[in-house]
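In the numbering used here, the protein residues as written are 90 to 367.
What follows is the structure, encoded as structure tokens:
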């Protein structure tokens, strides 16, 4: 496996899409989840949660002179932290769903308790981030609206991925909106029976990648911990399975992902949310 020391938040969402595709290997095939990977997932996630907590506290009560002296830095930190919390929730939800389903299928309690605990704490960080946006004193109305719009899209992406997993296990509870995830599951199942239906998933994957590129800023304050989290999850899968997946690197997929408007429009069609729908 290639050494990775940093992962941007958008890369975690790409990983969530790949985990969704290959999650059934853990759920159905009984591949054992290494305890060291789960322990590393917990340690890295807890460290990131602690950093988020300190950052949100700092951002919610910044000294007036600090904001006046470096307003651009304050805005960049706020955006980076909140985007990381919101977009990172996609992987947290997907991994909790896969880990819980795998444990249930194998009659184990190896991964589910930790994955659920991380999700609960991540949702608490989300709540604190939303409180920061609502308070208004630390965030401009324009930035608050931008971040709220991102969260709405992120929740749809989460539900779409969970909907894909519902085909392998009953994991709707891990969606942001379980009913919407079930609707996605039915739509994905139906499209899979149509001619060319197997092309739907690569198109969805490309749409997610491209849409993220357009919506997320360049900063990811905890890229080092994101990498530890991502690698700990990769360590739960058979070696090389995700790295070598054709859906991650095919030429036509990369070309499609470069066209943000096309991809966002495709995602809107597949999810029932036309482009421009907030």
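From the three backbone atoms N, C-alpha and C, an ideal C-beta is built for every residue, glycine too.
Query, Result
"Residue nearest to residue 370 in terms of C-alpha spacing, selected from 254, 328 and 140", "An answer regarding residue 370 cannot be provided, because it is not within the stretch 90 to 367 covered by the chain."
"Per-residue burial, residue 150 [other beta carbons within 10 Å of its own, 16 or more giving buried]", "exposed"
"Residue 102 and residue 232 closer than 8 angstroms at C-beta", "no"
"Residue 279, buried or exposed, once every other Cβ within 10 Å from all chains shown has been counted against 16", "exposed"
"Through-space distance from residue 186 to residue 251, alpha-carbon basis", "8 angstroms"
"Extent of the continuous alpha helix (DSSP H) to which residue 310 belongs", "Counting along the chain, residue 310 falls outside any alpha helix (DSSP H), and DSSP gives it neither H nor E."
"Classification of residue 299 by the beta-carbon crowding that lies within 10 angstroms, buried from 16 upward", "buried"
"Whether residue 169 touches residue 270 by CB criterion (8 angstroms)", "no"
"Contact belief for residue 98 with residue 305 at Cβ below 8 angstroms, rounded distance in angstroms", "6 angstroms"
"Coil, strand or helix - residue 220 by DSSP", "helix"
"The alpha helix (DSSP H) enclosing residue 248, as first and last residue numbers", "230 to 254"
"Local conformation of residue 319 per DSSP, three classes", "helix"
"Residue 94 classed as buried or exposed, judged by whether at least 16 other C-beta atoms fall within 10 angstroms", "exposed"
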